[in-house]
Amino acid sequence: PFVKGDATKFSETGYVGGDVEDLVRELVHQADDDIEIAQFGIIYIDEIDKIASSGEIVGPDVSRTGVQRALLKPMEETEVDLKTPFDPIAQLEAIEHYRRTGKKERRIINTRHILFIMSGAFNNLEEIIKQRLHQQGMGFGAKITTKKEIHSYLPYVKPEDLIKYGFESEFIGRLPVIAVFEDLNTEDLYQILKNPNSVVINAKKQDFRAYGIDLVFEDDALHILAKKASEEGTGARGLVSVLEKTLLPFEKTLPSTDIKRLVVTKELVLNPKETLKKILEGSIDLVSEKRFEKALKEEKKYLREVVINKGKALAKQYDLHLTPKRIELIVNAYDKFDYDLTYGFQEMARWIKEVTTFFETFYEETGLKCHLSEEAIDELLSHVIIQEKDIVNICREIAQNLEFGLKLVKEKTGQSIFELTAQSLKDPEGYIRQLIRRSYEGYS
Numbered sequence: 001p002f003v004k005g006d007a008t009k010f011s012e013t014g015y016v017g018g019d020v021e022d023l024v025r026e027l028v029h030q031a032d033d034d035i036e037i038a039q040f041g042i043i044y045i046d047e048i049d050k051i052a053s054s055g056e057i058v059g060p061d062v063s064r065t066g067v068q069r070a071l072l073k074p075m076e077e078t079e080v081d082l083k084t085p086f087d088p089i090a091q092l093e094a095i096e097h098y099r100r101t102g103k104k105e106r107r108i109i110n111t112r113h114i115l116f117i118m119s120g121a122f123n124n125l126e127e128i129i130k131q132r133l134h135q136q137g138m139g140f141g142a143k144i145t146t147k148k149e150i151h152s153y154l155p156y157v158k159p160e161d162l163i164k165y166g167f168e169s170e171f172i173g174r175l176p177v178i179a180v181f182e183d184l185n186t187e188d189l190y191q192i193l194k195n196p197n198s199v200v201i202n203a204k205k206q207d208f209r210a211y212g213i214d215l216v217f218e219d220d221a222l223h224i225l226a227k228k229a230s231e232e233g234t235g236a237r238g239l240v241s242v243l244e245k246t247l248l249p250f251e252k253t254l255p256s257t258d259i260k261r262l263v264v265t266k267e268l269v270l271n272p273k274e275t276l277k278k279i280l281e282g283s284i285d286l287v288s289e290k291r292f293e294k295a296l297k298e299e300k301k302y303l304r305e306v307v308i309n310k311g312k313a314l315a316k317q318y319d320l321h322l323t324p325k326r327i328e329l330i331v332n333a334y335d336k337f338d339y340d341l342t343y344g345f346q347e348m349a350r351w352i353k354e355v356t357t358f359f360e361t362f363y364e365e366t367g368l369k370c371h372l373s374e375e376a377i378d379e380l381l382s383h384v385i386i387q388e389k390d391i392v393n394i395c396r397e398i399a400q401n402l403e404f405g406l407k408l409v410k411e412k413t414g415q416s417i418f419e420l421t422a423q424s425l426k427d428p429e430g431y432i433r434q435l436i437r438r439s440y441e442g443y444s
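And the structure:
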């Protein structure tokens, strides 16, 4: 299990704010209340640099130092009570447990094996490192002015630099591994945009879809967006800023027109306002179905490759047999899965399980055992996605169409096991006629 927290949201015990032990309790919740699993979980705390003290004895530094000290015990080893005196539900559960058993229940978790990971921007840490290196006679004396210079110092960071930055020595002592991340380059930012699960791109698609407009990005446009974001020097955050600046004029204007689709091209990214003007004048073709389908085809081609290459792990995780038809269903229904591959695999696995459960119940109630081929299950899945119907309702409708005929065959021949193919689901009456005809042929 994994839990993410924000260091700025916490305070030392007794102050207003979150308690750091709440993260440990949340870890148990993420492990479905299984303490055995939770005690080997991961707690990730971001913005940890914001709780560094500047050495003052009054003001926010008191709380910052307090949060550091509050983290010391959980980071090393302590027992955290899963019930708090401030949780009324937990108190009611404890009272009910005592009423039933006459004993007090105390659930605790030991933090010894929990992995703590901290991260932050650590602005101006490079100046402290530079000062130390200069004192050691390494020739670093000039003021740091560029981002490249900043990253030339950060790899030399030592625990003593972090202590001088404002952390307690005991706190830093519990973090034995220090890693420095490199800046994201243009190619890295492009890969973020290209990723089918890109929050940046998918969020913007959903924004436009709320207005009834479908959005698709050409590859050249993604490269230019990545280049612009790289020039801003704010990492992945720059992608959101650049995309907003580029598409905001379209988001404001197009909903009041009849335009239902938009292709984001290199030209559009380089000159959004001029491109919007040409679209409204009809002098540039970025909204036609032909242009849109061409760009969408390329997007789906890449998505298909990702599903095939990376989908094996997801298929194994959700015990899903990945047939060619299922790959196409995931690709074509990607928008219906909220642009989330993991969610797509999860939903498909759930639907298949519901099909299995339904026909097991059908067998218990009727004595008719139906084996569905992979193609038959794929046919059901396509109905769920295309018709947007509930999978159980689809199964119920099919069972109603088949039940009378299958019972007739069973009475005639004693056959109680039936193989259902995709064709038998498409034409249940034809399938029943075929079974009845065979039964009469066998009888004669």
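The opening residue of the sequence shown carries number 1 in full-length UniProt numbering; numbering runs sequentially from there. Ideal Cβ positions, reconstructed from N, Cα and C, are used throughout, including at glycine. Here the structure is a predicted model, which is why all the values come from computation and not from measurement.
query	result
Would you mind listing the beta strand (DSSP E) stretches within the stretch 190 to 246 that are 3+ residues and don't spill past its ends, in chain order?	214 to 217
Which whole-angstrom value is the C-beta distance of Val263 and Val216, which I expect to be below 8 Å?	6 Å
Answer with buried or exposed for Ser53, where buried requires no fewer than 16 other C-beta atoms within 10 angstroms of its C-beta.	buried
Please report the straight-line C-alpha distance between Tyr334 and Gly344, rounded to a whole angstrom.	7 Å
For my contact list, Ile172 and Pro159 are in at a C-beta cut-off of 8 Å; report their separation, rounded to the angstrom.	5 Å
Ile109 and Ile35 look like a contact to me (Cβ under 8 Å); what is the Cβ gap, rounded to whole Å?	5 Å
Which value, in whole angstroms, describes the spacing of the CA atoms of Phe2 and Ala399?	42 Å
What residue does the alpha helix (DSSP H) around Asn123 start on, and which one ends it?	Note, Asn123: premise wrong, no alpha helix (DSSP H); not H, not E.
Starting from the C-beta of Thr253, find all residues in its chain whose C-beta is less than 7 Å away, skip the five residues before and the five after it, and write them out in chain order.	Leu276
Among all the DSSP beta bridges, which residues are the ones paired with Val287?	Paired residue(s): none; Val287 is not in a bridge.
Does DSSP put Arg438 in a helix, in a strand, or in coil?	helix
Using the C-alpha atoms, what's the distance from Leu280 back to Trp351?	44 Å
Got a sec? Which residues, its chain only, sit under 7 Å from Met75 by beta carbon, not counting five neighbours each side?	Phe116, Arg174
Within 10 angstroms of the Cβ of Lys426, are there 16 or more other Cβ atoms? Answer buried if so, exposed if not.	exposed
Is the distance from the Cβ of Thr323 to the Cβ of Ala376 below 8 Å?	no
Helix, strand or coil: how does DSSP classify Ile386 here?	helix
Looking at the ligand SAM, does it come within less than 7 Å of Asn124, judged from the CB to the closest heavy atom?	Only the bare structure without any ligand can be found here, which leaves the ligand SAM out of the picture.
May I ask which residues mark the beginning and end of the beta strand (DSSP E) holding Arg261?	261 to 264
From Lys130 to Tyr153, what distance separates their C-alpha atoms?	7 Å
Quick one: measure Cβ to Cβ for residue 445 and Leu402, integer angstroms, because I've assumed they're closer than 8 Å.	Absent from the model: residue 445. The displayed extent of the chain is 1 to 444, so no value can be given.
Using the Cα positions of Gly59 and Arg25, report the straight-line distance between them to the nearest angstrom.	Low local confidence applies: a pLDDT of 44 at Gly59 is under 50, so the model's placement there is unreliable, with the coordinate-based value given in what follows. Spanning the two alpha carbons is a distance of roughly 29 Å.
Between the alpha carbons of Leu82 and Val20, how many angstroms are there, rounded?	13 Å
Would you call the stretch 233 to 247 and the stretch 188 to 198 in contact, with 3 or more CB pairs under 8 Å?	yes
Beta carbon of Arg64, beta carbon of Ile51: below 8 Å?	yes
Contact defined as beta carbons within less than 8 Å: I believe Gly5 pairs with Leu23. What is the distance between those atoms, to the nearest angstrom?	5 Å
May I have the straight-line CA-CA distance separating Glu47 from Ala121, to the nearest angstrom?	7 Å
Can you say whether Phe181 is buried or exposed, counting buried as having 16 or more other CB atoms within 10 angstroms of its CB?	exposed
What is the DSSP secondary structure of Phe10, reduced to helix, strand or coil?	strand
Who are the Cβ neighbours of Val306 in its own chain at under 6 Å, not counting the five residues just before and after it?	Pro196
Using the Cα positions of Arg433 and Ser416, report the straight-line distance between them to the nearest angstrom.	16 Å
For my contact list, Leu247 and Lys205 are in at a C-beta cut-off of 8 Å; report their separation, rounded to the angstrom.	Contact flag wrong, Cβ pair sits at about 10 Å.
Tell me where the alpha helix (DSSP H) around His29 begins and ends.	21 to 30
Which word fits Glu429, buried or exposed, when buried means at least 16 other C-beta atoms lie within 10 angstroms of its C-beta?	exposed
Select from Glu232, Ile224, Asp214, Val157 the residue whose C-alpha is nearest the C-alpha of Asp183.	Glu232
Pull up the distance between the alpha-carbon of Arg112 and that of Ile45, whole angstroms please.	17 Å
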